[in-house]
């Protein structure tokens, strides 16, 4: 059956007007690729309305069992073959073409807010912002993947006085406190409490 359907799609020009009409009365889809794209777009619109963004995990399945995560990934990977109209429609929804860049921008903005509110950037592991952004995880990821960051990203973080080596910073802070203790008490025999 699948081959027969594909053959009719490919050979529409040789079908009779009666055959075409009978197929169309059944709801026959002549351009399945276009049909799938439109279906995915409609599913994405619903997702955006419900979730406020177009950021979808790659394995996400819609409530109608449509592989929307895969559809989004395919469109990102194949932007060059999409029509200008398709690209424009996706962008009007707020479609994110480069997820890594989007996550960087969102995380950096949250880090700037954190620094403004706290005066520094040593965000603790697991910290979430008021908006629910996992800033602690973002910061930890930056430290682990410093070599993967661009020079501009590193410079932007350095301008925030970003602390790359938390343990070293904590050691220096404790050493300074010990120095102050030694000056105040004349020794380094700090009681363990």
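Numbering (the numbering used here), first residue to last: 256 to 448.
Yeah, the Cβ is synthetic: ideal placement off N, Cα and C, and Gly gets one too.
Here the structure is a predicted model, which is why all the values come from computation and not from measurement.
Taking all protein chains in view, the Cβ of residue 266 is surrounded by fewer than 16 other Cβ atoms within 10 Å, so the residue is classified as exposed.
Of the candidates 319, 372 and 328, 328 places its Cα closest to the Cα of residue 352. Sequence-distant Cβ neighbours of residue 287 in its own chain, meaning closer than 8 angstroms and more than five residues away, are 264.
One alpha carbon belongs to residue 446, the other to residue 438, and they sit about 16 angstroms apart. Separation of the CB atoms of residue 321 and residue 298 is rounded to 5 angstroms, and the pair is thereby assigned contact status at 8 angstroms. A check of alpha carbon separations from residue 315 across 326, 307 and 308 identifies 326 as the nearest. Out of 443, 358, 413 and 371, the CA that lies nearest to the CA of residue 389 is found in 358. In chain order, 302, 323, 324 and 327 place their CB closer than 7 angstroms to the CB of residue 311, counting only its own chain and leaving out the 5 sequence neighbours on each side.
Annotation: the continuous alpha helix (DSSP H) that includes residue 329 extends over 323-332.
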